[in-house]
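Taking our numbering, the leading residue of the sequence shown gets 7, the next gets one more, and so forth.
From the three backbone atoms N, C-alpha and C, an ideal C-beta is built for every residue, glycine too.
Note that the structure is a prediction, hence the values are computed from the model and not measured.
Let me begin by presenting the structure, written as structure tokens, before commenting on it.
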Amino acid sequence: MSREFPIGLTPPDWLVRNLQPQQAPLNRPAIARAAVAMAFPLAIGLATGHTAYGALASMGALSGVIGDTADAYRMRILNIAIPQFFGAVGVTLGAAVYGHGWYAVATLTGIALVSGMISTIGAVASVSGLLLLLNSVIGAGLPLPGAWWLAPVLMSGGGLLVLLLALLAWPLRSGVPERSAVAKTYRTVADLLATCGDDPTAAYDAARQAVTQSLNQSYDLVLARRARHHGRSPELTRLLAQLNAITPVVEAAPAVHQSGQPLPPQIRETVRHLAQAVETGYTGPIGLALPAPTGETTRAIDHALRHAAEVVTAPDVDPRGIDDRLGRPAALRIRAARAARTVLLSSGSWRYGLRLAVCIGLAQILVSTVPVARSYWVALTITFVLKPDFGSVFSRALLRALGTVAGLVIAAAVLSAVPRGWWDVLVLLLLAPLIPALTPRGYGYQTMAITPVILLLSDVLNHQGTALLLPRLVDSLIGCGIALVAGYLLWPESWHTRVGDRLAEAVADTATYVESAFGRSEGSEVGRSEGSEGLVVGAEVDPAARARMRRRLYRDLSIIRTEFQRALTEPPPTGRLAAGWLPLVVAVERIVDATTAARVRVKHGAPSPSPAEVTQVALQLRELSKGVRESEVLVEVRTDLTGPAESVLEPLRQEVAAARAIASPH
Numbered sequence: 007m008s009r010e011f012p013i014g015l016t017p018p019d020w021l022v023r024n025l026q027p028q029q030a031p032l033n034r035p036a037i038a039r040a041a042v043a044m045a046f047p048l049a050i051g052l053a054t055g056h057t058a059y060g061a062l063a064s065m066g067a068l069s070g071v072i073g074d075t076a077d078a079y080r081m082r083i084l085n086i087a088i089p090q091f092f093g094a095v096g097v098t099l100g101a102a103v104y105g106h107g108w109y110a111v112a113t114l115t116g117i118a119l120v121s122g123m124i125s126t127i128g129a130v131a132s133v134s135g136l137l138l139l140l141n142s143v144i145g146a147g148l149p150l151p152g153a154w155w156l157a158p159v160l161m162s163g164g165g166l167l168v169l170l171l172a173l174l175a176w177p178l179r180s181g182v183p184e185r186s187a188v189a190k191t192y193r194t195v196a197d198l199l200a201t202c203g204d205d206p207t208a209a210y211d212a213a214r215q216a217v218t219q220s221l222n223q224s225y226d227l228v229l230a231r232r233a234r235h236h237g238r239s240p241e242l243t244r245l246l247a248q249l250n251a252i253t254p255v256v257e258a259a260p261a262v263h264q265s266g267q268p269l270p271p272q273i274r275e276t277v278r279h280l281a282q283a284v285e286t287g288y289t290g291p292i293g294l295a296l297p298a299p300t301g302e303t304t305r306a307i308d309h310a311l312r313h314a315a316e317v318v319t320a321p322d323v324d325p326r327g328i329d330d331r332l333g334r335p336a337a338l339r340i341r342a343a344r345a346a347r348t349v350l351l352s353s354g355s356w357r358y359g360l361r362l363a364v365c366i367g368l369a370q371i372l373v374s375t376v377p378v379a380r381s382y383w384v385a386l387t388i389t390f391v392l393k394p395d396f397g398s399v400f401s402r403a404l405l406r407a408l409g410t411v412a413g414l415v416i417a418a419a420v421l422s423a424v425p426r427g428w429w430d431v432l433v434l435l436l437l438a439p440l441i442p443a444l445t446p447r448g449y450g451y452q453t454m455a456i457t458p459v460i461l462l463l464s465d466v467l468n469h470q471g472t473a474l475l476l477p478r479l480v481d482s483l484i485g486c487g488i489a490l491v492a493g494y495l496l497w498p499e500s501w502h503t504r505v506g507d508r509l510a511e512a513v514a515d516t517a518t519y520v521e522s523a524f525g526r527s528e529g530s531e532v533g534r535s536e537g538s539e540g541l542v543v544g545a546e547v548d549p550a551a552r553a554r555m556r557r558r559l560y561r562d563l564s565i566i567r568t569e570f571q572r573a574l575t576e577p578p579p580t581g582r583l584a585a586g587w588l589p590l591v592v593a594v595e596r597i598v599d600a601t602t603a604a605r606v607r608v609k610h611g612a613p614s615p616s617p618a619e620v621t622q623v624a625l626q627l628r629e630l631s632k633g634v635r636e637s638e639v640l641v642e643v644r645t646d647l648t649g650p651a652e653s654v655l656e657p658l659r660q661e662v663a664a665a666r667a668i669a670s671p672h
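Right, here's the structure in full:
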């Protein structure tokens, strides 16, 4: 007979969320690359009698394995090669101040400032900043063998070996990851259509979120191929056209869901058939067995699907007719200039850099004044825990400590039972694949996988065996403590500061979207609404601009939802406040859905709403935005939404009223 935990022994929700593994598919090619790339250099070192050199190259391969996350082959070059350059610079600078006391403290603190600042640019810059600091800490904390240039070459060579293995299939599979991503988007849309009109609404909301994430990933993956040039290849043009073609189907889904009438199964099967054509590159005729439309919403779906089928099967696409639903990326030179301005002038960039610099400086001062075995592990721990774009510092510190303990158990068995030599290569073949296998499950699982690998390679370099275990644990706990105190508690950035303002901005942008959805003619693009009085209802609005606005809104709301979910992993009051506000994110998503549904209905025959109706809804949303921006807790709001019951805006008014009710105290 099962027994429940007494109330006092029930684990808190934030702890359960931290320890719960995330669901993710196994990336088998990455697992195989990790095994080969990390074991091969060590085997070469053993065979040539330069075991230490082989261990350094394997350490470099570890950084490549961590960065081996991109699907597109060209993005793999950026994700792995560019960080390796910064890693080589880092180990060179670190080795130059090895054993120089306060010079080392000052150098690592300055590198930490730069690392934190450039991490705010984007994903590739974040990994580059991480390797810059990590390798500088290693260089300043370990006596590296050989000439000054040898360690950078060996470590970079190990990382580039991962890249070489990742690019082996490029000639045979060029474009396959991009096509697969677009096909997956079509399939998520089919799943969304399967939930339309059915109860419960939660299934529709989950499917809509999956579509948003898939669209974001597909656009990012396809547009990332334009990193070096602004022109389009025929393949890229075709994929962009296919992504744009499925957008009207996504826009029609909210209207179908509002109708309460499930779609015939032939419709979602047609979308899956189109997904197969996208994935295989098929351009032949496709027989569409679509039922005859019976109303506004089914006409919208029928029209959108027929257009999507034409685009998918078209052998050639005119690039002049393709509009990027995320906006056309600027040239690389312009984007580089923008990134530099962001790093130098952004308060967030300086704040993150200073947090990291303060913690690294404190760690280096501590290990310089107090004898600490293997002291560089303190700074390494801080570097991983305090990365500003990797999530909650509190959660990462907790998971780092738990993951280290679990990894030390594995390391203890390896170091005590496995003799040095060729057995190390075999063990590395078994342990290295755990890193890409467990990393998607969560940071604690990644730490558990990395810890025994690092300790094995450290033992190859210094032959200390199980004597490495206790110092590793102590230094990791010290690093977690410094990160929690100097990088978390002393920087009281509440969840509202990080997310509340962004949510308020999204609500204000939603008001602008409501106004733009009912513009009467085509014209120029509408920008962000913050600080403006909104649009004049009936003003000229370009449909492409409206589509980009909607895509940006859903992308922003998806990011905000992720930030709130991260906040839920923190202890009270942060986690509790985030839990209270999270339903408002869902409500705003439904407002965008209702606006899109009304626009679709008007486009396919429903009467347009009056300017007064639109203005009233936009005003209520801007009042809600102001309340969210100025408050850290739920506040009282007034809801005054009236209008014709038969209007297409009636469902939208209900969603706005629900959102304002959520923002009221209970």
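With 16 other Cβ atoms within 10 Å as the buried cut-off, status of residue i
{"i": "Leu541", "result": "Model confidence at Leu541 stands at a pLDDT of 47, short of 50, so the residue's coordinates are unreliable; what they give is reported in the following sentence. Buried: at least 16 other Cβ atoms inside 10 Å."}
{"i": "Ile127", "result": "buried"}
{"i": "Pro271", "result": "exposed"}
{"i": "Asp430", "result": "buried"}
{"i": "Gly287", "result": "exposed"}
{"i": "Ser527", "result": "In this prediction, Ser527 scores a pLDDT of 36, lower than 50, which makes its location untrustworthy; the coordinate-derived value is nonetheless stated afterwards. Exposed, since its Cβ has fewer than 16 Cβ neighbours within 10 Å."}
{"i": "Val217", "result": "buried"}
{"i": "Asp322", "result": "exposed"}
{"i": "Tyr109", "result": "exposed"}
{"i": "Ala53", "result": "exposed"}
{"i": "Ala438", "result": "buried"}
{"i": "Leu462", "result": "buried"}
{"i": "Ala258", "result": "buried"}
{"i": "Ala473", "result": "exposed"}
{"i": "Ser353", "result": "exposed"}
Contacts around residue i, its chain only, beta-carbon distance under 7 Å, and the 5 residues preceding and following it disregarded
{"i": "Leu483", "result": "Ala407"}
{"i": "Val520", "result": "Thr601, Val620, Val623, Ala624 and Leu627"}
{"i": "Ser186", "result": "Glu285"}
{"i": "Gln660", "result": "none"}
{"i": "Leu160", "result": "Tyr59, Leu62, Ala63 and Gly66"}
{"i": "Pro446", "result": "Gln28 and Ala30"}
Integer Cβ distance of residue i from residue j, believed to fall under 8 Å
{"i": "Val284", "j": "Val188", "result": "5 Å"}
{"i": "Asp308", "j": "Val168", "result": "Actually they do not touch by this definition, with Cβ atoms about 48 Å apart."}
{"i": "Gly367", "j": "Val111", "result": "7 Å"}
{"i": "Val594", "j": "Val654", "result": "With a Cβ gap of about 19 Å, Val594 and Val654 do not count as contacting."}
{"i": "Tyr449", "j": "Pro27", "result": "Actually they do not touch by this definition, with Cβ atoms about 11 Å apart."}
Other residues of its chain near residue i: CB distance less than 8 Å, five sequence neighbours each side excluded
{"i": "Gly203", "result": "Val262, His263, Ser265, Gly266, Gln267, Pro268 and Leu269"}
{"i": "Gly116", "result": "Ala363"}
{"i": "Trp154", "result": "Thr98, Ala101 and Ala102"}
{"i": "Ile371", "result": "Val111"}
{"i": "Leu509", "result": "Ile566, Trp587, Leu590, Val591, Val594 and Val634"}
Cβ neighbours of residue i in the same chain (closer than 6 Å, five flanking residues each side left out)
{"i": "Leu467", "result": "Ala58 and Ala61"}
{"i": "Ala385", "result": "Val143, Ile366 and Ala369"}
{"i": "Ile292", "result": "Ala315 and Thr319"}
{"i": "Ala636", "result": "With the sequence shown as reference, residue 636 is identified as Glu, and Ala is not the correct amino acid for it. For Glu636, where only same-chain residues beyond five positions count, there are no Cβ hits under 6 Å."}
{"i": "Pro18", "result": "none"}
{"i": "Leu245", "result": "Glu184, Val188 and Val228"}
{"i": "Gly5", "result": "Past the boundaries of the shown model lies residue 5; the chain is included only from 7 to 672, so the question cannot be answered."}
{"i": "Asp562", "result": "Ala512"}
{"i": "Leu435", "result": "Ala41 and Ala45"}
{"i": "Ser401", "result": "Asn24 and Thr575"}
Among the options, nearest to residue i - alpha-carbon criterion
{"i": "Ala517", "options": "Asp599, Glu576, Ala585 and Arg447", "result": "Asp599"}
{"i": "Gln282", "options": "Ile83, Ala258, Ala346 and Gln248", "result": "Gln248"}
{"i": "Tyr192", "options": "Ala131, Pro158, Arg278 and Leu114", "result": "Arg278"}
{"i": "Glu5", "options": "Ser616, Lys632, Leu52 and Arg244", "result": "There is simply no residue 5 to check, as the chain begins at 7 and stops at 672 in what is shown."}
{"i": "Ala418", "options": "Leu360, Arg402 and Pro477", "result": "Pro477"}
{"i": "Ala196", "options": "Thr303, Phe92, Ala213 and Thr207", "result": "Ala213"}
{"i": "Ala604", "options": "Phe524, Thr568, Leu559 and Thr575", "result": "Phe524"}
{"i": "Leu479", "options": "Arg426, Met81 and Tyr382", "result": "Tyr382"}
{"i": "Arg171", "options": "Asp515, Phe46 and Pro89", "result": "The sequence as given places Leu at residue 171; Arg does not occur at that position. It is Phe46."}
{"i": "Val415", "options": "Val376, Ile456 and Ile72", "result": "Ile456"}
{"i": "Leu658", "options": "Leu351, Pro260, Ser631 and Phe390", "result": "Pro260"}
{"i": "Tyr560", "options": "Ile340, Pro578, Ile597 and Ile50", "result": "Ile597"}
{"i": "Thr194", "options": "Gly181, Leu173 and Ser224", "result": "Ser224"}
{"i": "Arg556", "options": "Pro177, Asn222, Leu136 and Phe92", "result": "Asn222"}
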